[in-house]
Amino acid sequence: MTLPMTLHLAALWLLLQTGQDSAVPTFHSSKAPVSAEIAARMRQSAWREGCPTPIADLVYLRLSHVGFDSAMHEGELVVHKDLADEVIAIFKALFDQRFPIEKMKLVDEYQGRDDASMADNNTSAFNCRFVPEKPGTFSKHSQGRAIDINPRVNPMVSGTTVSPAGGAQFLVPRSKAPGILREGAPAIAEFTRRGWTWGGTWKSLKDYQHFEK
0 MTLPMTLHLA ALWLLLQTGQ DSAVPTFHSS KAPVSAEIAA RMRQSAWREG
50 CPTPIADLVY LRLSHVGFDS AMHEGELVVH KDLADEVIAI FKALFDQRFP
100 IEKMKLVDEY QGRDDASMAD NNTSAFNCRF VPEKPGTFSK HSQGRAIDIN
150 PRVNPMVSGT TVSPAGGAQF LVPRSKAPGI LREGAPAIAE FTRRGWTWGG
200 TWKSLKDYQH FEK
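Heads up: the sequence shown runs through residues 0 to 212, numbered per numbering that gives the first Met the number 0.
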């Protein structure tokens, strides 16, 4: 027997009210101290003696993100514990905007090599390393206070040097690839309204992938 239309509508209303519409993806996150297993991995590449930030001051995050394939994925970041809740809030906002992030792995997957991580368009945060072209000066990444997002499509430009090299094709025009960060984008506003600096506004160079606080 066919149910009256009013019953169909009532059932749909109840489904929406109870949050059981599985077709709508929801953001998930977790925050935890860096485990002994992850710390051991970090000591082989991303962290070493002499780094300005001890591993005890860092936290491990797992975060939902929308991929370049428009599907939902789970990524991971290591950030300073003071910024952890703020980073979760930012990435929830990016998820709600459906801003695409291709990959989000720890740089230890690339043996701590920033060039390899960037070339793979990997979004990352902590990495104990020096500022490019400034040996001896630690990057904000060494403090877990910087995040690089989709670095291949948002490269760093210093004079005639583009890093990663494969990012040059995404500079002109800036609108033909997913995950592009351009001035005025809502994704950028989620960082800057919380006091983060975007490298795309720097004068001496442009680092379109980079946010720091």
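We treat Cβ as the ideally placed atom computed from N, Cα and C, and that holds for glycine. These figures come from a predicted structure and were not determined experimentally.
- By the Cβ rule, the region 44–55 counts as touching the region 125–138, because three or more pairs are nearer than 8 Å.
- For the beta strand (DSSP E) assignment, the uninterrupted runs of no fewer than 3 residues enclosed by the region 122–174 are, from N- to C-terminal side, 133–137, 145–147, 155–157 and 160–162.
- The Cβ atoms of methionine 103 and histidine 79 lie no closer than 7 Å to each other.
- Remark: C-beta atoms of asparagine 153 and leucine 170 do not approach each other more closely than 7 Å.
- For arginine 40, the enclosing alpha helix (DSSP H) starts and ends at 35–42.
- Glycine 199 counts as buried, since at least 16 other C-beta atoms from the protein chains shown sit within 10 angstroms of its C-beta.
- As summarised for the region 74–118, there are no continuous beta strand (DSSP E) elements at least 3 residues long confined to that stretch.
- When beta bridges are read from the DSSP output, alanine 31 appears opposite Tyr59.
- For phenylalanine 190, the enclosing alpha helix (DSSP H) has its first and last residue at 185–191.
- The alpha-carbon of threonine 196 is positioned some 31 Å away from that of alanine 39.
- CA-to-CA, the gap between isoleucine 54 and isoleucine 37 works out to about 10 Å.
- Per DSSP, the beta-bridge partners of threonine 196 are Glu211.
- Within a 10 Å sphere around the beta-carbon of valine 106 sit 16 or more other beta-carbons, which makes this residue buried.
- In terms of CA proximity to arginine 193, Leu82 leads the group Leu82, Phe26, Val23 and Gly111.
- The alpha carbon of serine 138 has as its nearest neighbour, out of Thr52, Ala188 and Ile87, the alpha carbon of Thr52.
- Partner residues in a beta bridge of valine 23, as assigned by DSSP, do not exist.
- For the 7 Å CB-CB criterion, glutamine 208 and proline 150 form a contact.
- Note on geometry: alpha-carbon atoms of alanine 35 and threonine 159 lie some 42 Å from one another.
- One Cα belongs to glutamine 142, the other to proline 134, and the distance between them is close to 16 Å.
- If you draw a 10 Å sphere on the C-beta of valine 23, you find fewer than 16 other C-beta atoms in it, and that means exposed.
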